[in-house]
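Inspection log for the structure reproduced underneath, given as structure tokens.
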Amino acid sequence: MAIDAATVRKVAHLARIKTPEDRLEPLAQELNGILAWIEQLDQVDVEGVEPMTSNVAQPLRLRDDIVTDGAKRDAVLSNAPKSADGFFVVPKVVE
Amino acid sequence: MSDLTNLTLKAAVDGLKAKDFSSAEITQAFLTKIEAANPTLNAYVEVTADKALEMAKASDARLAAGEGGVLEGAPLGIKDLFCTEGVQTTAGSNMLRGFVPPYESTVTANLWRDGAVMLGKLNMDEFAMGSSNETSAFGPVKNPWKSNGSDAELTPGGSSGGSASAVAADLCLAATASDTGGSIRQPAAFTGTVGIKPTYGRASRFGMVAFASSLDQAGPITKTVEDAALLLQSMCSFDVKDSTSLDIPTPDWTQSVGKSVKGLRIGVPREYVVDGMPAEIQALWDQGVAWLKDAGCEIVEISLPHTKYALPTYYIVAPAEASSNLARYDGMRFGHRADEFKSLDDLYATSRAEGFGKEVQRRLTIGAYVLSAGFYDAYYVKALKVRRRIAEDFDNVWGQVDAILTPSTPSAAFALGDKQIDPLTMYLNDVFTVTTNLAGLPGISVPAGMDSGGLPLGLQVIGKALDEATVFQVGAALERAAGFTAKPGKWW
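Taken in sequence, the protein lines are chains B and U. Position one of the first sequence corresponds to residue 0 (numbering that gives the first Met the number 0), numbered consecutively onward. Position one of the second sequence corresponds to residue 0 (numbering that gives the first Met the number 0), numbered consecutively onward.
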């Protein structure tokens, strides 16, 4: 499954990382190197094996559906790149 | 008075309790030393001198009143991946430059509860993605160790390179660190220090900047095994704010240090002999086996047949989780936002291209690829299945052995810049450590010897889930047998 520049362009878009055109080809080569190495996993017989998504054997805990935190508007906004009047300020998205 | 910065954490805590010296004195001694050393070693990204002296003063007041926690007055360094309220936390990334958390990580909150003093925030690979500290936006950390007869500057390892370098150079009594694929144990091995990653779920991940959530675990880097036990038991706790936190008591692991290992069965996995492994690493491993045999352990040859698949599995699972975790950095609510952009999509993409370094971008790209439609089953699900095979390998041997002995790393510390060219060469650093992350098991690295150039080498002890006690017990036995007391010659 070799990756070409077009695939890198697509994946970079999925990852939302702006990638200059002249970086696509070198990145494709790099990723192909890594993926070729990863493909040794095809040697492993995983027939009937359940995917392992967690190291923790316990089921996820449930808690009462009540408010446990909040009323921290200023703290939440304190690291915003831009804020005003208690709101995040973001660029206009609907033209 | 002798140099307080040379003390172990245990000796310092005892000395503070006995009022042999004050927290203000030892804190000031560290601050003075950091001021002189840090411009060269680059271990700290921020020194919180005022805060440290303030905390020391409060500790001295508690000690004077005969009060105080188990770490009262002890100055520590904190890896810059633990959120510290009111103190910049960057995870080594330009993305988070200037980010000041309005909350405290549970691990550090536990340390302050027990009376520890914060000296500052320690340098690290960006978002903990790296094995040499060279991916940090704040520049690489330097290893205090140099090879005999060479002036080359060496890596302290990574991602917890700042933690390891600071402990090795006596710039803190001990440090917090974190380990996703080996980021505590590899730097510990490279710097002649002790580092342990506990069982997954022992230490809360709340307030730790996330890399790969099913693998990330906090742990300490210290000067001795006893210090590691002391600090780890303070760091660990059940925490409702982390859904994978284990609701179980934290044992007193210091009780395991010094206990006889007679009769313990130690596994030696034949698959950990890797191609191109230096003879010195094999010799150290053989020496470790001999030491434990002398101490009365039974040595059992075991097989962990899926070992060689651990790294490729990791390089699917970790980037996939990172790609999901780091999606939060969109330039909207916190983190870097680009000044110039053409559209909303362009703002996301430009902010992330400017904020993330090369290695982080590489891993996020791999992550997005293995999770993308058409490749999800072939890569991601496949890796999760192999991950179970790797975990089962361990399950299959616990009937025959109580702990497993391996080298910590396939080499001693290498020169900065040496492995920059090829990402795969860098990834191979974690070949012995990554299996325990995938399986969620505890693993400790203990300094056990030196290579021909006089650089430290480590041995790793892997234990059953939740059996840190045996890991500390065996680790301490290796420490006693090795008698590793060497310190790096001061050149900085």
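Even glycine gets a Cβ: it sits at the ideal position worked out from N, Cα and C. These figures come from a predicted structure and were not determined experimentally.
Where Thr107 of chain U falls, given that 16 or more other Cβ within 10 Å makes a residue buried: Here residue 107 of chain U refers to the residue found at position 108 when the second sequence is read from its first residue. Buried is the call here.
8 Å Cβ cutoff, Pro50 of chain B in contact with chain U: The residue you call residue 50 of chain B lines up with position 51 of the first sequence. So, interface residue.
Secondary structure, beta strand (DSSP E): runs of 3+ residues fully inside the stretch 93-125 of chain U: 116-121
Segment contact, 8 Å Cβ cut-off, at least three pairs: the stretch 36-45 of chain B with the stretch 379-392 of chain U: Result yes; three or more Cβ-Cβ pairs closer than 8 Å.
is_contact[Phe333 of chain U, chain B] using C-beta, thresh 8 Å: Residue numbering aside, residue 333 of chain U sits at position 334 when the second sequence is read from its first letter. Taking Cβ atoms only, chain B reaches closer than 8 Å to Phe333 of chain U, which makes this a yes.
Contacts that Val10 of chain B makes with chain U (C-beta to C-beta distance below 7 Å): The residue given as residue 10 of chain B occupies position 11 in the first sequence. Counting only Cβ-Cβ distances below 7 Å, Val10 of chain B has contacts in chain U at Thr364, Ala367, Tyr368, Ser371, in chain order.
For Val92 of chain B, three-class secondary structure by DSSP: By one-based count along the first sequence, residue 92 of chain B stands at place 93. Residue state, collapsed to three classes: coil.
Simplified DSSP assignment, three categories, for Ile247 of chain U: As a working note, residue 247 of chain U is residue 248 in the second sequence. In this structure, Ile247 of chain U counts as coil in the three-state DSSP scheme.
Residue span of the alpha helix (DSSP H) that contains Gln216 of chain U, given as start and end: For the purposes of this step, residue 216 of chain U is taken as residue 217 along the second sequence, with counting starting at 1. Here Gln216 of chain U belongs to no alpha helix (DSSP H); instead the beta strand (DSSP E) covers 216-221.
Span separating the alpha-carbon of Asp64 of chain B from that of Val239 of chain U: As a position in the first sequence, residue 64 of chain B is number 65, starting the count at 1. As a position in the second sequence, residue 239 of chain U is number 240, starting the count at 1. Distance between the alpha carbons of Asp64 of chain B and Val239 of chain U: 14 Å.
Of the listed residues B:Pro25, B:Phe86, B:Val93, nearest to Phe333 of chain U (C-alpha basis): The residue given as residue 333 of chain U occupies position 334 in the second sequence. Nearest of B:Pro25, B:Phe86, B:Val93 to Phe333 of chain U, Cα basis: B:Phe86.
Beta bridge counterpart(s) of Thr207 of chain U as assigned by DSSP: Start at 1 with the first residue of the second sequence, and residue 207 of chain U comes out as number 208. Before going on, a small fix: residue 207 of chain U reads as Met here, not Thr. Answer is U:Phe81, bridged to Met207 of chain U.
Cβ of Val55 of chain B within 8 Å of any chain U Cβ: Position 56 of the first sequence, counted from the first residue, corresponds to residue 55 of chain B. So yes, Val55 of chain B belongs to the interface.
Residues from the stretch 98-120 of chain U in contact with chain B, defined by Cβ distance under 9 Å: Phe98, Val99, Pro100, Pro101, Tyr102
8 Å Cβ cutoff met for Gly161 of chain U and Asn122 of chain U: If you number the second sequence from 1, residue 161 of chain U lands on position 162. If you number the second sequence from 1, residue 122 of chain U lands on position 123. Yes.
Three or more C-beta pairs below 8 Å linking the stretch 343-354 of chain U and the stretch 393-403 of chain U: no
For Ala390 of chain U, the three-state DSSP class (helix, strand or coil): Taking the second sequence and counting its residues from 1, the one referred to as residue 390 of chain U is at position 391. Helix.
Partners in chain U for Pro90 of chain B, counting only beta-carbon separations shorter than 8 Å: In the first sequence, residue 90 of chain B corresponds to position 91, counting from 1. In chain order: Phe340, Leu343, Leu346.
Assigned exposure category for Leu363 of chain U - 16 Cβ within 10 Å defines buried: For the purposes of this step, residue 363 of chain U is taken as residue 364 along the second sequence, with counting starting at 1. Buried, by the Cβ-count rule.
Cβ-Cβ distance between Ser136 of chain U and Gly356 of chain U below 8 Å: The count along the second sequence starts at 1 and reaches residue 136 of chain U at position 137. The count along the second sequence starts at 1 and reaches residue 356 of chain U at position 357. Note that residue 136 of chain U is Ala in the sequence shown here, rather than Ser. Taking 8 Å as the Cβ cut-off, Ala136 of chain U and Gly356 of chain U qualify as a contacting pair.
Option nearest Glu71 of chain U by Cα separation, candidates U:Lys18, U:Thr105, U:Glu45, U:Glu391: Against the second sequence, residue 71 of chain U aligns to sequence position 72. Of the candidates U:Lys18, U:Thr105, U:Glu45, U:Glu391, the one whose C-alpha sits nearest the C-alpha of Glu71 of chain U is U:Lys18.
Members of the stretch 302-316 of chain U that neighbour chain B once the beta carbon cut-off is set at 8 Å: Along the stretch 302-316 of chain U, going in chain order, the ones with a CB nearer than 8 Å to a CB of chain B are His305, Lys307, Tyr308, Pro311, Thr312, Tyr314, Ile315.
Assigned secondary structure, Met493 of chain U (DSSP; H/G/I helix, E/B strand, else coil): With chain U covering 0 to 491 only, the question about residue 493 of chain U has no answer from this structure.
Exposed unless 16 or more other CB atoms sit within 10 angstroms - verdict on Ser342 of chain U: Walking along the second sequence from the start, residue 342 of chain U turns up at place 343. Exposed, because fewer than 16 other Cβ atoms sit within 10 Å of the Cβ of Ser342 of chain U.
Limits of the beta strand (DSSP E) - the one that Gly462 of chain U falls within: Here residue 462 of chain U is taken as the residue at index 463 of the second sequence, counted from 1. First-last of the beta strand (DSSP E) with Gly462 of chain U: 455-462.
Beta-bridge partners of Ala402 of chain U, as assigned by DSSP: The residue given as residue 402 of chain U occupies position 403 in the second sequence. Its beta-bridge partners are U:Ile265, U:Gly462.
Endpoints, the alpha helix (DSSP H) within which Thr31 of chain U is located: Looking up residue 31 of chain U in the second sequence gives position 32. Per DSSP, Thr31 of chain U belongs to the alpha helix (DSSP H) from 22-40.
Inter-stretch contact (C-beta, 8 Å, three-pair minimum) for the stretch 271-280 of chain U and the stretch 369-376 of chain U: no
Tyr199 of chain U - DSSP class collapsed to helix/strand/coil: One-based indexing of the second sequence puts residue 199 of chain U at position 200. It is coil, neither helix nor strand.
Same chain, Cβ closer than 8 Å to Ala28 of chain U, neighbours up to 5 away in sequence not counted: On the second sequence, position 29 is the one that residue 28 of chain U refers to. Excluding positions up to five away in sequence, the list reads Asp2, Leu3, Thr4.
Beta-carbon proximity of Met128 of chain U to Ile77 of chain U, cut-off 8 Å: Numbered from its first residue, the second sequence carries residue 128 of chain U at position 129. Numbered from its first residue, the second sequence carries residue 77 of chain U at position 78. Not a contact, by the Cβ cut-off of 8 Å.
Through-space distance from Gln216 of chain U to Asp79 of chain U, alpha-carbon basis: Along the second sequence, one-based indexing puts residue 79 of chain U at 80. Along the second sequence, one-based indexing puts residue 216 of chain U at 217. A straight line joining the alpha-carbon of Asp79 of chain U with that of Gln216 of chain U spans about 14 Å.
Distance, Leu310 of chain U Cα to Gly32 of chain B Cα: Reading the first sequence from its first residue, position 33 is the one you call residue 32 of chain B. Reading the second sequence from its first residue, position 311 is the one you call residue 310 of chain U. Taking the straight line joining both Cα atoms gives about 14 Å.
Neighbouring residues, chain B, relative to Ser322 of chain U (Cβ below 8 Å): For this step, residue 322 of chain U is matched to residue 323 along the second sequence. Ala14, listed in chain order.
Interface flag, Arg184 of chain U vs chain B, CB-CB below 8 Å: Position 185 of the second sequence, counted from the start, is the residue given in the question as residue 184 of chain U. Not an interface residue.
Limits of the unbroken beta strand (DSSP E) element including Val299 of chain U: Position 300 of the second sequence, counted from the first residue, corresponds to residue 299 of chain U. Val299 of chain U -> beta strand (DSSP E) spans 297-301.
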